[in-house]
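Scroll down for the structure; my scribbles are underneath it.
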Amino acid sequence: MAQAGNGSMQAAFLLKPETIAIREAPRPRPGLGEVLIRVRAVGICGSDMHLYDTGRIGSVVLQEPHIPGHEMSGEIAAVGEGVTSLAVGQRVVLEPGLACGDCPVCRSGRYNLCGAVKFLGVPPYHGCMAEYIVAPAQWVYPLPEALSFADGAVVEPLVVGLQAAAQGGVGPGSRVAIFGAGMIGLVALEAALARGAAHIWVVDVVERRLGLAKELGAAVVNARHEDVVQELRRQTGGGPDVIIEATGAAPAITAALKAAAKGATFVAVGFIEQPTIALDYTAIVRAGIRIETVFRYANQFPLALDLAVRRRDRLARLVSDRLPFAETADAFAVAHARQEGTIKVMVEFP
Ligand SMILES: [Zn+2]
Ligand SMILES: [Zn+2]
């Protein structure tokens, strides 16, 4: 991997839960097959917030000062030996899960499940909230001219939405219910629309988020005021045949499975709040529900870049807050506060 180069840079470090500080760090140098990227925008993800809030993510525990962030765009500042596909000055985005490429799941194309993956931003691998990062050229894609750096940093979450819609088998005629009108739910909405779904319902408890989902073309159900199962069954005429679950909350999961049409596909994409939840297994089996799980993504970046160009203005509406890199600590505080209008908080570099 990268060695420290001459010179230094500024990077935002998570020191302990809820504490971010900008510190000097050695500027990395690209090795064989790698590029040095000058970072221009980084979105704050739900997974970054998990680490920020609790000091852990899954089984990974924050032990040392850690650079968060994996939803990034930037420009090539230097190329390492052997890199011919990218040139200095080129605008790019990064696919942040660096899979090994060689294990059985990588070889099968499901490299999101690689046991040796280095996912930038998840300890022990530093992320992108720094002036410069180094990454293998094979995981770096040119950013289309029509997209700004902030647009580019939204591509990674859009990829998650595309993965969910693909695993749900969404197509023309699908009746899709999306649980959760946060970033992942709303990019799943874009992905479902792009795959031709004509009928999409979005379920949430925050009226402001539902308002945005409605403006973006979904029918909405407010789970705080309405009986979700009854409403979805009635409005879809028997239940949705694809469900994209992006809340991770047990009551939403239970309601979603109950509302589903017979033979429906249930796609789990949310972070689960508690590790185990009780489900009516018999009812799920009898209804012939197919359960799909989304752990990150594979092979979706080129498609997402294409979609991001065509839906640029809609995706830009999901960026609710923009702060400069010098105010990264404030950016995390904004994301942490979880105001109703906060969808995606973007950190932008000069
Ligand atoms: Zn993310
Ligand atoms: Zn692998």
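In short: position in the sequence shown from 1, add 1, done, that's our numbering.
Every residue gets a Cβ at the ideal spot worked out from N, C-alpha and C, and that includes glycine.
Just so it is clear, the structure is predicted and the values come from calculations on it, not from any experiment.
Next on the checklist: Under DSSP, the alpha helix (DSSP H) around residue 73 begins and ends at which residues?
Outcome noted: Numbered from 1 along the sequence shown, position 72 holds the residue referred to as residue 73. Careful: residue 73 lies outside any alpha helix (DSSP H), inside the beta strand (DSSP E) at 72-80.
Checklist entry - Contact check, residue 129 vs residue 221 under 8 Å by CB: the rounded distance? => result Mapped onto the sequence shown, residue 129 falls at position 128. Mapped onto the sequence shown, residue 221 falls at position 220. Contact flag wrong, Cβ pair sits at about 33 Å.
Item to check | Buried/exposed call for residue 14, threshold 16 Cβ in 10 Å | outcome: As a position in the sequence shown, residue 14 is number 13, starting the count at 1. Residue 14 should be labelled buried.
Checklist entry - What's the C-alpha gap between residue 139 and residue 196? => result By 1-based counting over the sequence shown, the position of residue 139 is 138. By 1-based counting over the sequence shown, the position of residue 196 is 195. Rounded to the nearest angstrom, the two C-alpha atoms are 27 Å apart.
Checklist entry - Does the beta carbon of residue 117 fall short of 6 Å from some heavy atom of ligand 2? => result Taking the first residue of the sequence shown as position 1, residue 117 is located at position 116. Yes, since a heavy atom of ligand 2 falls inside the 6 Å radius drawn around the Cβ of residue 117.
Next on the checklist: Here's a check: name, in chain order, each residue in its chain whose Cβ is nearer than 7 Å to the Cβ of residue 313, leaving out the five neighbours to either side.
Outcome noted: Within the sequence shown, the letter at position 312 stands for residue 313. Only 147, 148, 152 meet the Cβ criterion.
Next on the checklist: Tell me which residues pass a beta-carbon proximity test against ligand 1: closer than 6 Å to any heavy atom, given in chain order.
Outcome noted: 46, 48, 71, 72, 157, 158
Next on the checklist: For the segment 86-100 against the segment 46-61, do three or more pairs of beta-carbon atoms, one drawn from each stretch, fall closer than 8 Å, so that the two count as touching?
Outcome noted: no
Next on the checklist: Along the chain, where does the beta strand (DSSP E) containing residue 180 start, and where does it finish?
Outcome noted: Residue 180 sits at position 179 when you count from the first residue of the sequence shown. 176-180 is the extent of the beta strand (DSSP E) around residue 180.
Checklist entry - Which residue comes first and which comes last in the alpha helix (DSSP H) that contains residue 307? => result Along the sequence shown, one-based indexing puts residue 307 at 306. Its alpha helix (DSSP H) spans residues 302-311.
Item to check | Backbone secondary structure at residue 236 - three-state DSSP | outcome: Counting from 1 along the sequence shown, the entry for residue 236 is found at position 235. Note: residue 236 maps to helix in three-state DSSP.
Checklist entry - DSSP beta-bridge partners for residue 223? => result The residue you call residue 223 lines up with position 222 of the sequence shown. Answer is 205.
Next on the checklist: Comparing C-alpha positions only, which one of 215, 56, 244, 89 sits nearest to residue 35?
Outcome noted: Mapped onto the sequence shown, residue 35 falls at position 34. It is 89 whose Cα lies nearest to the Cα of residue 35.
Next on the checklist: I'd like the list of long-range same chain contacts for residue 254, defined as Cβ closer than 7 Å, with 5 residues on each side in sequence excluded.
Outcome noted: Here residue 254 corresponds to residue number 253 of the sequence shown, with the count starting at 1. Result list for residue 254: 246, 278, in chain order.
Checklist entry - Okay, do the segment 183-193 and the segment 342-349 touch, 3+ Cβ pairs below 8 Å being the bar? => result yes
Checklist entry - Does the count of Cβ pairs from the segment 77-84 and the segment 155-167 closer than 8 Å reach three? => result no
Checklist entry - For the segment 208-225 against the segment 270-286, are there 3 or more C-beta pairs whose distance is under 8 Å? => result no
Next on the checklist: Which residue marks the beginning of the alpha helix (DSSP H) containing residue 194, and which one marks its end?
Outcome noted: For this step, residue 194 is matched to residue 193 along the sequence shown. Looking at the DSSP string, the run of the alpha helix (DSSP H) that includes residue 194 is 184-195.
Item to check | residue 248, buried or exposed, once every other Cβ within 10 Å from all chains shown has been counted against 16 | outcome: Taking the sequence shown and counting its residues from 1, one reaches residue 248 at position 247. Buried.
Checklist entry - With C-beta atoms as the reference, is residue 38 less than 7 Å away from residue 75? => result Along the sequence shown, one-based indexing puts residue 38 at 37. Along the sequence shown, one-based indexing puts residue 75 at 74. Closer than 7 Å, so yes.
Item to check | Residues sharing a beta bridge with residue 291, DSSP | outcome: Locating residue 291 in the sequence shown gives position 290, where the first residue counts as 1. Partner(s): 266.
Checklist entry - Exposed or buried, what is residue 250 when buried is set at 16 or more other beta-carbons lying within 10 Å of its beta-carbon? => result Here residue 250 corresponds to residue number 249 of the sequence shown, with the count starting at 1. Result: buried.
Checklist entry - What separation, rounded to the nearest whole angstrom, lies between the Cα atoms of residue 267 and residue 155? => result Walking along the sequence shown from the start, residue 267 turns up at place 266. Walking along the sequence shown from the start, residue 155 turns up at place 154. Looking at the two C-alpha atoms, the distance is approximately 25 Å.
Checklist entry - Per DSSP, what kind of secondary structure is residue 28 in: helix, strand or coil? => result Reading the sequence shown from its first residue, position 27 is the one you call residue 28. Looking at residue 28 - three-state DSSP - the assignment turns out to be strand.
Next on the checklist: Am I right that residue 94 and residue 73 are in contact with their C-beta atoms under 8 Å? What's the rounded C-beta distance?
Outcome noted: One-based indexing of the sequence shown puts residue 94 at position 93. One-based indexing of the sequence shown puts residue 73 at position 72. Yes, they are in contact, since the Cβ atoms of residue 94 and residue 73 sit about 7 Å apart, within 8 Å.
Next on the checklist: At the level of alpha carbons, what is the spacing between residue 175 and residue 201?
Outcome noted: In the sequence shown, the residue the question calls residue 175 occupies position 174. In the sequence shown, the residue the question calls residue 201 occupies position 200. Computed Cα separation, rounded: 8 Å.
Checklist entry - What number of angstroms, rounded off, separates the C-alpha of residue 214 from the C-alpha of residue 316? => result As a position in the sequence shown, residue 214 is number 213, starting the count at 1. As a position in the sequence shown, residue 316 is number 315, starting the count at 1. Whole-angstrom Cα-Cα distance: 12 Å.
Next on the checklist: Using a Cβ distance threshold of 8 Å, determine whether the segment 302-310 contacts the segment 327-336, with at least three qualifying pairs required.
Outcome noted: no
Item to check | Classification of residue 127 by the beta-carbon crowding that lies within 10 angstroms, buried from 16 upward | outcome: The residue given as residue 127 occupies position 126 in the sequence shown. Counting Cβ neighbours within 10 Å, residue 127 comes out buried, since at least 16 surround it.
Item to check | residue 50 - containing beta strand (DSSP E), residue span | outcome: Within the sequence shown, residue 50 is the residue found at index 49, counting from 1. Unbroken run through residue 50 is the alpha helix (DSSP H), 47-55; no beta strand (DSSP E).
Item to check | Residue span of the beta strand (DSSP E) that contains residue 96, given as start and end | outcome: Position 95 of the sequence shown holds residue 96. First-last for residue 96: undefined, no H or E at that position.
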